[in-house]
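Just so we're aligned, residue 1 is where the sequence shown starts under UniProt numbering, counting upward by one. Even for Gly, the Cβ is constructed at its ideal location relative to N, Cα and C. Since the structure is predicted, the reported quantities are computational estimates derived from the model, not experimental observations. To start, the structure itself, in structure tokens.
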Amino acid sequence: MSFSSSLEHAASLVTQNNQECAEGLGRGPSSKNLQRSPAKYRSLKIIHCNINGISTYASRIKLDAILDIAESLEVQIIALQETKLKEHAKLKIKSYNIIRSDRQEGGGGVLAFLVRDINYRTIDNPQFTDSKLEIQRLNVIWKGKNLNISNMYHPPNQKSLPDNLLDISESNLLVGDLNAKHSSWGSVINNKRGVELHNLMDDSAHLALNDGSPTYSSHSYHTEEALDVSIVSSDIFPFCKWTVL
1 MSFSSSLEHA
11 ASLVTQNNQE
21 CAEGLGRGPS
31 SKNLQRSPAK
41 YRSLKIIHCN
51 INGISTYASR
61 IKLDAILDIA
71 ESLEVQIIAL
81 QETKLKEHAK
91 LKIKSYNIIR
101 SDRQEGGGGV
111 LAFLVRDINY
121 RTIDNPQFTD
131 SKLEIQRLNV
141 IWKGKNLNIS
151 NMYHPPNQKS
161 LPDNLLDISE
171 SNLLVGDLNA
181 KHSSWGSVIN
191 NKRGVELHNL
201 MDDSAHLALN
211 DGSPTYSSHS
221 YHTEEALDVS
231 IVSSDIFPFC
241 KWTVL
């Protein structure tokens, strides 16, 4: 998948397969934020991407391409970072429930799309002090098992990551752009935040799914980096796959 912007984040796909899963739930009555996951899906699939704004023509083309890929791959969740939407901006996409976290001031904004056929609930975000981390959390019931999913963005400033970022020790999946560089997930250099994140992962038994492939390209400077990360707790690491689209 290629686009013509000068700064480009690729989309990443995470696939999670449970072993010894209960039979999938079929369709049934559902509330606004509680949906059923149909038996036809064999794997839970998540696309995440820093879209760098969602209101411009170029970004809508990119969003349409992501939606087309999600349809063809039967993806259940799309997590986007840097949507840059104001609260009054309307956004509707057929077949998707939309959970938004809109920008209150300049920069940032994250949001997650969820297809209708999945059982989920929102989780209250933890309280972070002295950090610019933006985060959304969901709990998904997939094939009878719980999975916690976080959608994250942290701007490229000097603020540190919160110490309790990885406070959920089991069935935990975190995706997003933290502007954290570390060689363990494919960055050319290690920056301060990358070292912080790597240490947090070591201390809490979390692993990066990234295989070293770059997820970000600057066409102006002809450079590539691995800025977008997918992190999982060690208990589900053997059942997850990751790829750049």
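Nearest-angstrom Cα separation, counted from residue j out to residue i
| i | j | result |
| --- | --- | --- |
| isoleucine 98 | asparagine 199 | 33 Å |
| histidine 206 | isoleucine 231 | 7 Å |
| leucine 13 | isoleucine 189 | 24 Å |
| lysine 84 | alanine 226 | 22 Å |
| glycine 194 | serine 95 | 37 Å |
| glycine 186 | aspartate 124 | 32 Å |
| serine 59 | aspartate 228 | 18 Å |
| leucine 44 | glutamine 76 | 7 Å |
| alanine 79 | tyrosine 153 | 11 Å |
| glutamine 16 | cysteine 240 | 4 Å |
Endpoints, alpha helix (DSSP H) assigned at residue i
| i | result |
| --- | --- |
| glutamate 196 | 192 to 204 |
Under 8 Å between C-beta atoms of residue i and residue j
| i | j | result |
| --- | --- | --- |
| proline 156 | asparagine 179 | yes |
| glycine 53 | glutamate 74 | no |
| leucine 111 | serine 150 | no |
| isoleucine 66 | isoleucine 47 | yes |
| glutamate 196 | serine 160 | yes |
| alanine 11 | cysteine 49 | yes |
| proline 214 | asparagine 164 | no |
| isoleucine 93 | asparagine 119 | no |
| residue 289 | serine 101 | Because the chain in this structure spans residues 1 to 245, residue 289 falls outside the shown range and cannot be described. |
Cut-off 8 Å between Cβ atoms - residues of its own chain near residue i, not counting five sequence neighbours on either side
| i | result |
| --- | --- |
| serine 171 | Lys145, Asn146, Leu147, Asn148, Ser233, Asp235, Ile236 |
| methionine 201 | Leu166, Leu207, Ala208, Ile231 |
Sequence-distant residues of its chain with Cβ nearer than 6 Å to residue i (five each side left out)
| i | result |
| --- | --- |
| glutamate 8 | Ser217 |
| asparagine 191 | Lys181 |
Boundaries of the beta strand (DSSP E) in which residue i is found, first to last residue
| i | result |
| --- | --- |
| leucine 13 | 12 to 16 |
| histidine 9 | 7 to 9 |
| asparagine 172 | 172 to 177 |
| threonine 215 | Per DSSP, threonine 215 belongs to no beta strand (DSSP E) and is neither H nor E. |
| isoleucine 231 | 228 to 233 |
With a floor of 4 residues, list each alpha helix (DSSP H) that falls wholly inside the stretch 40 to 95, ordered by position along the chain. Entirely contained in the stretch 40 to 95, the alpha helix (DSSP H) runs reaching 4 residues are, in chain order, 57 to 73.
Entirely within the stretch 113 to 152 and at least 3 residues each: give me those beta strand (DSSP E) ranges in chain order. Those beta strand (DSSP E) runs which fall completely within the stretch 113 to 152 and span 3+ residues are 119 to 123, 134 to 142.
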